[in-house]
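Residue numbers (my numbering), protein chains in the order written: chain A, 36 to 381; chain B, 36 to 381. Notes follow once the structure below has been shown.
Number of protein chains: 2
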Amino acid sequence: MAQRRPTITDVARAAGVSKGAVSFALNGRPGVAEETRQRILAVAKELGWTPSHRARALSTSRAFAVGLVLARPPELLGADPFFPAFIAGVERVLAERNQALVLQVVTSQRAEEDGYRRLAADGRVDGVFLLDLRIADPRIALLEELRLPAVTLGRPDVASPFPAVLVDDRPGIAAAVRHLVELGHRHVAHVAGPEHFLHGSARRDAWEDALRDAGLPPGPCVPSDFSAAGGARATQHLLDLTDPPTAIIYANDVMAMAGMAVARERGLDVPGQLSVTGFDDTELAAHISPALTSVRTDPSGWGGVAARTLLDLIDGTGGPDVEMPPAQLVVRASTAAPPPTPHQAP
Amino acid sequence: MAQRRPTITDVARAAGVSKGAVSFALNGRPGVAEETRQRILAVAKELGWTPSHRARALSTSRAFAVGLVLARPPELLGADPFFPAFIAGVERVLAERNQALVLQVVTSQRAEEDGYRRLAADGRVDGVFLLDLRIADPRIALLEELRLPAVTLGRPDVASPFPAVLVDDRPGIAAAVRHLVELGHRHVAHVAGPEHFLHGSARRDAWEDALRDAGLPPGPCVPSDFSAAGGARATQHLLDLTDPPTAIIYANDVMAMAGMAVARERGLDVPGQLSVTGFDDTELAAHISPALTSVRTDPSGWGGVAARTLLDLIDGTGGPDVEMPPAQLVVRASTAAPPPTPHQAP
DNA sequence: AGCATCTCCCAAACCGGTTTAGCGGCCGAT
DNA sequence: ATCGGCCGCTAAACCGGTTTGGGAGATGCT
Numbered sequence: 036m037a038q039r040r041p042t043i044t045d046v047a048r049a050a051g052v053s054k055g056a057v058s059f060a061l062n063g064r065p066g067v068a069e070e071t072r073q074r075i076l077a078v079a080k081e082l083g084w085t086p087s088h089r090a091r092a093l094s095t096s097r098a099f100a101v102g103l104v105l106a107r108p109p110e111l112l113g114a115d116p117f118f119p120a121f122i123a124g125v126e127r128v129l130a131e132r133n134q135a136l137v138l139q140v141v142t143s144q145r146a147e148e149d150g151y152r153r154l155a156a157d158g159r160v161d162g163v164f165l166l167d168l169r170i171a172d173p174r175i176a177l178l179e180e181l182r183l184p185a186v187t188l189g190r191p192d193v194a195s196p197f198p199a200v201l202v203d204d205r206p207g208i209a210a211a212v213r214h215l216v217e218l219g220h221r222h223v224a225h226v227a228g229p230e231h232f233l234h235g236s237a238r239r240d241a242w243e244d245a246l247r248d249a250g251l252p253p254g255p256c257v258p259s260d261f262s263a264a265g266g267a268r269a270t271q272h273l274l275d276l277t278d279p280p281t282a283i284i285y286a287n288d289v290m291a292m293a294g295m296a297v298a299r300e301r302g303l304d305v306p307g308q309l310s311v312t313g314f315d316d317t318e319l320a321a322h323i324s325p326a327l328t329s330v331r332t333d334p335s336g337w338g339g340v341a342a343r344t345l346l347d348l349i350d351g352t353g354g355p356d357v358e359m360p361p362a363q364l365v366v367r368a369s370t371a372a373p374p375p376t377p378h379q380a381p
Numbered sequence: 036m037a038q039r040r041p042t043i044t045d046v047a048r049a050a051g052v053s054k055g056a057v058s059f060a061l062n063g064r065p066g067v068a069e070e071t072r073q074r075i076l077a078v079a080k081e082l083g084w085t086p087s088h089r090a091r092a093l094s095t096s097r098a099f100a101v102g103l104v105l106a107r108p109p110e111l112l113g114a115d116p117f118f119p120a121f122i123a124g125v126e127r128v129l130a131e132r133n134q135a136l137v138l139q140v141v142t143s144q145r146a147e148e149d150g151y152r153r154l155a156a157d158g159r160v161d162g163v164f165l166l167d168l169r170i171a172d173p174r175i176a177l178l179e180e181l182r183l184p185a186v187t188l189g190r191p192d193v194a195s196p197f198p199a200v201l202v203d204d205r206p207g208i209a210a211a212v213r214h215l216v217e218l219g220h221r222h223v224a225h226v227a228g229p230e231h232f233l234h235g236s237a238r239r240d241a242w243e244d245a246l247r248d249a250g251l252p253p254g255p256c257v258p259s260d261f262s263a264a265g266g267a268r269a270t271q272h273l274l275d276l277t278d279p280p281t282a283i284i285y286a287n288d289v290m291a292m293a294g295m296a297v298a299r300e301r302g303l304d305v306p307g308q309l310s311v312t313g314f315d316d317t318e319l320a321a322h323i324s325p326a327l328t329s330v331r332t333d334p335s336g337w338g339g340v341a342a343r344t345l346l347d348l349i350d351g352t353g354g355p356d357v358e359m360p361p362a363q364l365v366v367r368a369s370t371a372a373p374p375p376t377p378h379q380a381p
């Protein structure tokens with residue numbers, strides 16, 4: 036006959052003790068004699084007992100899971116290497132602690148807040164990750180209201196009660212600017228991410244600051260959307276300028292690759308006539324031609340740290356913000372000295 | 036004072052009925068007068084009652100969630116557009132039915148089976164998706180043993196009790212071969228995915244069959260791993276042959292892009308001297324130079340159908356396999372007639 | 001010996017739903 | 001007038017854990 040999985044009641048009966056004693060023994064709590072504890076553990080193992088996650092969840096009011104709500108337009112989801120890598124890092128930690136990851140993918144901002152509300156209302160998760168911080172991000176207040184513990188990736192620009200995993204894109208961008216300036220570029224443009232993203236504007240600021248530090252005026256900056264199509268459009272725009280840049284710093288690799296293609300289609304040599312840098316250092320970056328100079332980030336590492344921070348917060352052993360090592364520039368073949376005479380009319 | 040969220044007991048008391056009546060009313064079950072039902076619903080709404088997912092899960096022995104175990108090497112996770120798009124499609128359906136998606140990312144095959152075991156043991160999910168089918172896939176038997184309902188993406192090559200969402204890569208590959216043959220190619224190589232993947236070998240077979248149908252011998256086939264680095268290596272190998280192909284069909288876009296870069300670095304013009312096709316039609320494919328001829332797939336659509344199929348299966352209203360429309364070739368600029376005289380020594 | 005204290009365990013309540021058994025009242029049929 | 005049956009509802013058991021209150025017996029202290 037089909038075997039029902041054993042419960043602690045079965046274990047208790049087999050070990051000749053009460054349910055409560057079994058619970059105490061299995062949880063390593065004091066108040067049960069060592070010998071009895073061993074006997075109970077042995078019986079439990081022999082019966083093949085496994086805890087019922089559902090029962091535990093009900094009686095302890097915990098979900099033993101954390102949530103991630105991802106709000107990105109569908110066409111970007113596939114192109115963005117960040118998200119899978121981040122999740123992989125998260126999973127590594129969650130698996131150790133026997134927690135699960137509940138994922139929600141939504142497309143609009145409105146749906147995103149509903150996503151958090153649903154996770155909270157259903158009690159599906161004990162905490163959540165907050166990614167893609169926005170300027171004056173309303174989700175902080177929402178999560179506070181929902182009493183849902185959270186960890187933010189990056190430092191919010193509003194008061195936040197949540198620990199943050201601090202990732203600083205700025206040194207990477209600054210290094211890219213310095214690299215280009217050292218090569219002789221004076222006219223460095225930027226294709227940015229969406230303006231309402233905090234990391235987008237941080238990269239933009241870093242670019243501007245680094246140029247200023249080099250004694251150069253900021254070149255043109257075009258906000259875009261991290262997509263290939265957006266990167267291509269932005270590049271067209273920049274190259275159509277009467278005084279086009281000799282180098283473009285893109286806020287991600289995908290836009291940079293699309294930008295390189297636009298340049299080529301216009302007969303511009305990269306890096307001979309136009310230098311290009313990306314951001315993320317995706318696997319493909321090293322394998323296109325010319326290989327893309329990019330800023331290496333570590334989303335998987337961030338995911339691991341974010342997960343650990345969140346679980347600690349949930350356990351009440353929450354610590355302060357965690358600072359991650361700054362992103363590093365990886366120089367490849369898409370950057371070189373600018374042409375002696377600009378490629379536009381002299 | 037902090038408000039505890041209302042339970043059905045609160046609703047029952049407020050409505051002057053019993054717990055059971057409330058439960059029946061809220062679930063739309065017969066046996067409660069319409070007038071009473073309305074009153075109960077009104078009270079529940081007024082009190083802001085929401086069902087406790089945890090309590091429901093315990094008493095009904097259901098998780099109201101489905102699982103996805105993803106076994107991919109970390110470096111591939113970011114590059115592969117399939118996975119996020121598939122998940123997005125899944126989510127769209129799950130959200131409608133108030134189900135959650137529990138994700139597990141693992142790196143080794145061993146860990147993958149453990150992943151399913153854990154999901155089953157914890158009762159975290161009511162069913163799972165089975166992706167990346169392998170030859171003689173052991174996971175089918177595992178899931179059967181675990182009594183975990185599943186839906187496979189593709190038809191397994193072993194007896195399977197599970198419904199399948201049938202995606203056929205073959206017409207897309209066949210179309211690519213025909214397209215190249217019509218352009219005049221006689222020497223069409225293939226850079227395949229890992230051999231133990233069912234879809235990898237299906238694409239390979241389709242390539243071979245299509246060539247045979249065209250009266251051509253199969254060109255060289257190099258198994259690879261879907262990564263940019265792997266695609267580059269495979270391409271080097273093919274171009275090093277004494278009789279290199281004039282066209283290469285890659286099993287995904289990433290390898291195709293890396294392959295194009297290798298060709299360029301060797302001074303070969305694409306498509307002038309080498310035609311290249313990809314598979315997936317990633318967003319970037321249309322925005323590199325030359326734009327990549329690729330086979331468009333619909334992972335998001337598959338995800339939606341797979342989710343619906345799985346939920347129906349769990350509800351016991353499971354139907355038969357679902358056939359998805361075949362993948363379509365999208366012709367762009369990376370394919371052209373072969374050089375009149377092969378690019379190697381005449 | 002008497003009493004407080006401590007150790008180890010048990011019984012029962014509890015988490016918040018679902019589900020079953022059964023009961024009183026009203027109906028029509030006999 | 002009585003009986004059977006259905007309707008509408010209640011009470012209680014149940015899912016499988018955790019947690020609390022307390023009791024029995026051993027030990028320590030005076």
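Even for Gly, the Cβ is constructed at its ideal location relative to N, Cα and C.
Span of the alpha helix (DSSP H) around residue i
{"i": "proline 173 of chain B", "result": "173-180"}
{"i": "glycine 55 of chain A", "result": "54-61"}
{"i": "alanine 118 of chain A", "result": "Correcting the residue identity first, residue 118 of chain A is phenylalanine in this sequence and not alanine. That run of the alpha helix (DSSP H) goes 117-131."}
{"i": "leucine 346 of chain A", "result": "334-350"}
Distance CB(residue i)-CB(residue j) smaller than 8 Å
{"i": "valine 140 of chain A", "j": "leucine 154 of chain A", "result": "no"}
{"i": "valine 257 of chain B", "j": "leucine 273 of chain B", "result": "yes"}
{"i": "arginine 205 of chain A", "j": "leucine 181 of chain A", "result": "no"}
{"i": "valine 104 of chain B", "j": "glycine 150 of chain B", "result": "yes"}
{"i": "serine 262 of chain A", "j": "alanine 269 of chain A", "result": "no"}
{"i": "arginine 310 of chain A", "j": "leucine 218 of chain A", "result": "Note on residue identity: the sequence assigns serine, not arginine, to residue 310 of chain A. In this structure, leucine 218 of chain A lies closer than 8 Å to serine 310 of chain A by Cβ."}
{"i": "arginine 367 of chain A", "j": "threonine 328 of chain A", "result": "yes"}
{"i": "threonine 142 of chain A", "j": "proline 86 of chain A", "result": "no"}
{"i": "isoleucine 283 of chain B", "j": "glycine 294 of chain B", "result": "yes"}
{"i": "methionine 359 of chain B", "j": "valine 202 of chain B", "result": "yes"}
{"i": "proline 306 of chain A", "j": "proline 279 of chain A", "result": "no"}
{"i": "histidine 225 of chain B", "j": "glycine 254 of chain B", "result": "yes"}
{"i": "alanine 249 of chain A", "j": "valine 200 of chain A", "result": "no"}
{"i": "alanine 135 of chain A", "j": "phenylalanine 99 of chain A", "result": "yes"}
{"i": "leucine 93 of chain A", "j": "leucine 93 of chain B", "result": "yes"}
Nearest candidate by alpha-carbon position, reference residue i, set the options
{"i": "valine 101 of chain B", "options": "B/Gly338, B/Gly354 and B/Pro373", "result": "B/Gly338"}
{"i": "leucine 177 of chain A", "options": "A/Thr352, A/Gln144 and A/Gly189", "result": "A/Gln144"}
{"i": "aspartate 161 of chain B", "options": "B/Asp333, B/Gly235, B/Pro116 and B/Ala342", "result": "B/Ala342"}
{"i": "glycine 158 of chain A", "options": "A/Gly228, A/Arg89 and A/Asp278", "result": "A/Arg89"}
{"i": "aspartate 350 of chain A", "options": "A/Leu183, A/Asp192, A/Val212 and A/Ile284", "result": "A/Leu183"}
{"i": "glycine 207 of chain A", "options": "A/Val52, A/Arg39, A/Gly353 and A/Val330", "result": "A/Val330"}
{"i": "threonine 312 of chain B", "options": "B/Arg40, B/Val46 and B/Asp288", "result": "B/Asp288"}
{"i": "arginine 74 of chain B", "options": "B/Pro109, B/Arg221, B/Val52 and B/Pro65", "result": "B/Val52"}
{"i": "aspartate 315 of chain A", "options": "A/Gly83, A/Leu364 and A/Thr281", "result": "A/Leu364"}
{"i": "leucine 129 of chain B", "options": "B/Thr344, B/Pro375 and B/Ala362", "result": "B/Thr344"}
{"i": "alanine 106 of chain A", "options": "A/Arg190, A/Pro41, A/Val223 and A/Arg174", "result": "A/Arg174"}
{"i": "phenylalanine 59 of chain B", "options": "B/Pro375, B/Ala79 and B/Pro41", "result": "B/Ala79"}
Nearest-angstrom Cβ-Cβ length linking residue i and residue j, presumed shorter than 8 Å
{"i": "alanine 267 of chain A", "j": "histidine 322 of chain B", "result": "5 Å"}
{"i": "alanine 227 of chain B", "j": "leucine 319 of chain A", "result": "Their Cβ separation, rounded to whole angstroms, is 19 Å, which puts alanine 227 of chain B and leucine 319 of chain A out of contact at 8 Å."}
{"i": "proline 334 of chain B", "j": "phenylalanine 117 of chain B", "result": "5 Å"}
Cα-Cα separation, residue i to residue j
{"i": "leucine 251 of chain A", "j": "glutamine 271 of chain A", "result": "23 Å"}
{"i": "threonine 370 of chain B", "j": "leucine 165 of chain A", "result": "43 Å"}
{"i": "phenylalanine 357 of chain B", "j": "alanine 194 of chain B", "result": "The displayed chain sequence assigns valine, not phenylalanine, to residue 357 of chain B. Using only the alpha carbons, I get a separation of about 17 Å."}
{"i": "leucine 348 of chain B", "j": "arginine 97 of chain B", "result": "14 Å"}
{"i": "leucine 112 of chain A", "j": "isoleucine 43 of chain B", "result": "40 Å"}
{"i": "arginine 46 of chain B", "j": "valine 57 of chain B", "result": "In the sequence as displayed, the identity of residue 46 of chain B is valine instead of arginine. Computed Cα separation, rounded: 7 Å."}
{"i": "phenylalanine 121 of chain A", "j": "proline 229 of chain A", "result": "20 Å"}
{"i": "leucine 276 of chain B", "j": "proline 373 of chain B", "result": "17 Å"}
{"i": "alanine 211 of chain B", "j": "alanine 171 of chain B", "result": "28 Å"}
Residue range of the beta strand (DSSP E) that includes residue i
{"i": "proline 258 of chain A", "result": "256-258"}
{"i": "valine 289 of chain B", "result": "Segment 288-300 is the alpha helix (DSSP H) holding valine 289 of chain B; no beta strand (DSSP E) there."}
{"i": "glutamine 144 of chain A", "result": "Where glutamine 144 of chain A is concerned, there is no enclosing beta strand (DSSP E), although the alpha helix (DSSP H) it sits in stretches over 144-157."}
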